[in-house]
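Only one structure is covered here, and it is reproduced in the block below.
Protein chains: 4
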Amino acid sequence: MTTLAEAGAALAAESARYAGLGWMRGTSGNLSVVLDADPLRLAVTASGLDKAELTAADVVVVDRTGTAVPDQPRPDRAPSAEAGLHARIAEVSGAGAVVHVHALSPVLAAEYWPDGVELRDLEMLKGFGRAAHDDLVTVPVVPNGQDMRVLGDAFEAGYRADTPALLVARHGVYVWGADLTQARHRLECLEWLLRFTIERTRTR
Amino acid sequence: MTTLAEAGAALAAESARYAGLGWMRGTSGNLSVVLDADPLRLAVTASGLDKAELTAADVVVVDRTGTAVPDQPRPDRAPSAEAGLHARIAEVSGAGAVVHVHALSPVLAAEYWPDGVELRDLEMLKGFGRAAHDDLVTVPVVPNGQDMRVLGDAFEAGYRADTPALLVARHGVYVWGADLTQARHRLECLEWLLRFTIERTRTR
Amino acid sequence: MTTLAEAGAALAAESARYAGLGWMRGTSGNLSVVLDADPLRLAVTASGLDKAELTAADVVVVDRTGTAVPDQPRPDRAPSAEAGLHARIAEVSGAGAVVHVHALSPVLAAEYWPDGVELRDLEMLKGFGRAAHDDLVTVPVVPNGQDMRVLGDAFEAGYRADTPALLVARHGVYVWGADLTQARHRLECLEWLLRFTIERTRTR
Amino acid sequence: MTTLAEAGAALAAESARYAGLGWMRGTSGNLSVVLDADPLRLAVTASGLDKAELTAADVVVVDRTGTAVPDQPRPDRAPSAEAGLHARIAEVSGAGAVVHVHALSPVLAAEYWPDGVELRDLEMLKGFGRAAHDDLVTVPVVPNGQDMRVLGDAFEAGYRADTPALLVARHGVYVWGADLTQARHRLECLEWLLRFTIERTRTR
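Chains as they are written, first to last, in UniProt numbering: chain A, 1 to 204; chain B, 1 to 204; chain C, 1 to 204; chain D, 1 to 204.
In structure tokens, the structure reads:
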């Protein structure tokens, strides 16, 4: 996916897909793909728009700080405010795509296990890039904040190459991968795993 | 959105969208947009019709009391019985659109916190027009009733310009904004916030 | 709706709608409309077919006992096994349409309140044909069984003209009305009311 | 359904249907149909692809061990890793189709009742091929594992011809039938039954 038009079309389609799952309610969430690694350039979904209704042009190119670069397809479109965290995640992890949504179970899980959510011995962990047996996965949780550099530092402090996800308390989840498809598979598995874990640990 | 035909089309589309979320079951709920501020004229969805199946003509123009004015596109269509409350909300708040749905989580929240639902330190509050940190939002709850003037008075008594929502106990929720899109974003965020809060406070 | 073809088309469309809500899983449930009152003739959905995939021809005409009459549009189609209860309900209540689905909340409600489910002071009761205030609605529950005459007798014993619904324990719900649309509105409201009541009474 | 093209088309359509229910998140799950009984040949969905997006060519022919045979329509497509268990189930039960999905309620049920999930006196059991009254159905649960021969042995040890389902702990569910349609009806009923049972036994 090298051209901006292609990236925009892929981001619009993928956003509509997550919006259909109810994970991007009220214009929340954002998706990005890496256009270039050096200097880092990401195409990120524009801010404030319904994620089910994006067009290929509703995308903004940002640099490693999340700042919009000159020459945008839609100069009137602002990048997602969280673009800086997308860029940090891409830079540190080497990911080709970063997905951020506000699904409910990740946010509840972060609430119940603020020191990190532990998962192990679950088949769906394979879709998350880990093993189904004897592999303790801890999904890190960081406090919410509006300064993407602070969030980025918290992310980096707890970053493990084998754990492609981050929970932001009272906010949402970030999942990344080589491309939007791998990020999707990982996010779908993680959301399932968190929903299962929340239910399993509920008093019956 | 100045013409009635445009308003009707927008209301029909928006209603279908909420109906798709299951928030307008059994013909419940109603949406309105302000056509004129002085004298106040609202276009409100007609009563008794499935909200997924409205056409642009299924709209009634009402005055500030919620009474249908002469010269309707569909004289056989009655305005929503709750049009009077839509008008009061629009008049007091200056909103351009008012949305009323029967989503389950708002009604459960009103049941659990009949003195008002408190929300704070949640990212999704930004979509509700408030801050994500250190901003206590209290969504007012009023008792249900069939007299729109009584409901309107209760609404007005608890009205705060920074809190664009009202919970009616055992009934549903009203959310408003400058237009249907802003009202949608706010309602989607509020519904998410209430679902999260109900789950978070459940004994585990 | 007088012709069988019209009835079949309406039943197919309505079934697909309920199937879309997940209320007719595994071919469960059935819908009927009255073609003639005397002698009683109902068009009922055929048995064993996915309710999302019915055609207008997948309908069987039955008499007041639920037995298929001669001259069917599809002689290979068997009537729903529950057609006899549809007929009894139509005969006793005077309804023009009877809807039977296996939504989860009605069955759970019957489990929790086997002597009848009490509802009152809820706005959605208006969509069920009752009042929103000071009107105690009791939805009757009967034990499950395979003999439609036994079920029909149990239905008739507890029948009240102002309560157009019946819960069959460990099975599903029947709701009726003047036509499929009224039955739909009532069923949607009842299902919402039962979901609310189950949640409201859960220990928190 | 004798040709591979027909099988592929049916598998693709059926997979999309389950994916729409959210039961195949993150490429999880797989479906198969028997092409020949002796020697056993199954057409099984290819591995690693989104189950909502399969084409008729995304299918692999496997033998009784689950190994891909020569001459595939898509040599680049690998069979589902679980094909060996599909083949064992088909061989032992005589089923014409085997469906494996990762719906949440079956996995939760296996968690709560690891010695087998008991169901009885429920109308939906009829859709599962059992009786609605006085018929104790026990859905077996086996521990998860990556060796399909071990899983197959565990399946075979607890196999009963009148119970066309298997729960794999921390993983998912297998349901089978004469064809994909019967497997679908049985799976939909089982998933409903497990959801009901989990809810019914929750402390209130």
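We put the CB at the ideal spot given by N, CA and C, even for glycine.
Asked: Can you name, in chain order, every residue of its own chain whose Cβ lies under 8 Å from the Cβ of Leu108/C, other than the five neighbours on each side?; Found: Leu194 and Ile198
Asked: Suppose the cutoff is 7 Å on Cβ atoms and the five residues either side in sequence are ignored; what does the same chain contact list for Thr27/B look like?; Found: Gly48, Leu49, Asp50 and Lys51
Asked: May I ask you to report which of helix, strand or coil DSSP gives Trp192/D?; Found: helix
Asked: Which whole runs of the beta strand (DSSP E) in the region 57 to 90 of chain D are 3 residues long or more, in chain order?; Found: 59 to 62
Asked: Could you please tell me which residues of the region 91 to 121 of chain B, in chain order, have their CB closer than 8 Å to any CB of chain C?; Found: His102, Leu104, Val107, Leu108, Glu111 and Tyr112
Asked: Report yes or no: do three or more beta-carbon pairs, one from the region 95 to 111 of chain C and one from the region 169 to 188 of chain C, lie closer than 8 Å?; Found: yes
Asked: Could one say the Cβ of residue 216/B lies closer than 8 Å to chain C's Cβ atoms, at least one of them?; Found: Since the first residue shown for chain B is 1 and the last is 204, residue 216/B is missing from the structure and cannot be characterised.
Asked: Quick one: using the 10 Å Cβ neighbour count with 16 as the cut-off for buried, is Asp162/B buried or exposed?; Found: exposed
Asked: Label Gln182/C either buried or exposed according to how many other C-beta atoms from any shown protein chain fall within 10 Å of its C-beta, with 16 as the threshold for buried.; Found: buried
Asked: Note down the Cα distance separating Thr203/C from Val141/B, rounded to an integer number of angstroms.; Found: 22 Å
Asked: Looking only at its own chain, which residues have a Cβ that is under 6 Å from the Cβ of Val117/D, when we skip the five neighbours before and after it?; Found: Ala109 and Val139
Asked: Report the start-end ranges of each beta strand (DSSP E) in the region 6 to 60 of chain C that is 3 residues or longer and not cut off at the edges.; Found: 30 to 37 and 40 to 45
Asked: Quick one: which unbroken alpha helix (DSSP H) runs of 4-plus residues sit fully inside the region 90 to 140 of chain B? Chain order, please.; Found: 104 to 112
Asked: Gly177/D lies in the beta strand (DSSP E); which residues open and close that run?; Found: Gly172 to Gly177
Asked: Indicate the three-state DSSP secondary structure (helix, strand or coil) for Ala161/D in the structure shown.; Found: coil
Asked: Quick one: Cα of Val60/A to Cα of Asp36/A, how far?; Found: 14 Å
Asked: Would you mind giving the Cβ-Cβ distance between Val62/D and Ala83/D, rounded to the nearest angstrom? I have them listed as a contact below 8 Å.; Found: 5 Å
Asked: Might you give, ordered along the chain, the residues of its own chain that have their beta carbon closer than 6 Å to the beta carbon of His171/C, omitting 5 neighbours on each side?; Found: Asn144
Asked: Val150/D: buried (16+ other C-beta within 10 angstroms of its C-beta) or exposed?; Found: exposed
Asked: Just checking my contact of Leu180/D with Leu31/D at CB under 8 Å: how many whole Å lie between their CB atoms?; Found: 7 Å
Asked: Whole angstroms is fine: what's the gap from Val137/A's alpha carbon to Phe196/B's?; Found: 25 Å
Asked: Any Cβ of chain A within less than 8 Å of the Cβ of His86/D?; Found: no
Asked: In its own chain, which residues sit with a C-beta less than 6 Å from the C-beta of Glu156/A, not counting the 5 before and 5 after it?; Found: Val92
Asked: In chain order, what residues of the region 159 to 172 of chain C put their CB closer than 8 Å to some CB of chain D?; Found: Val168, Arg170, His171 and Gly172
Asked: Measure the alpha-carbon distance for residue 205/D versus Pro75/D and round it to whole angstroms.; Found: Missing from the structure shown is residue 205/D; chain D here goes from 1 to 204 and no further.
Asked: Listing by chain order, which chain A residues have their CB less than 7 Å from the CB of Phe155/B?; Found: None at all; the shortest Cβ gap to chain A is about 23 Å.
Asked: Quick one: list the residues of chain G neighbouring Thr55/A, beta-carbon separation under 9 Å, in chain order.; Found: Within the model displayed, chain G is absent; protein chains A, B, C and D are what it includes.
Asked: State the Cα-Cα distance for the pair Arg88/B and Gln146/B, rounded to the nearest angstrom.; Found: 15 Å
Asked: List, in order along the chain, the chain C residues whose C-beta lies closer than 7 Å to that of residue 206/B?; Found: Since the first residue of chain B shown is 1 and the last is 204, residue 206/B is not available in this structure.
Asked: In angstroms, rounded to a whole number, what distance separates the CA positions of Arg186/C and Gly129/C?; Found: 7 Å
Asked: Return yes when the Cβ of Ala13/D is within less than 8 Å of the Cβ of Ala43/D, no when it is not.; Found: no
Asked: Hey, does Arg195/C have any beta-carbon neighbour from chain B nearer than 8 Å?; Found: yes
Asked: DSSP puts Val142/B in a beta bridge; with which residues?; Found: Val168/B
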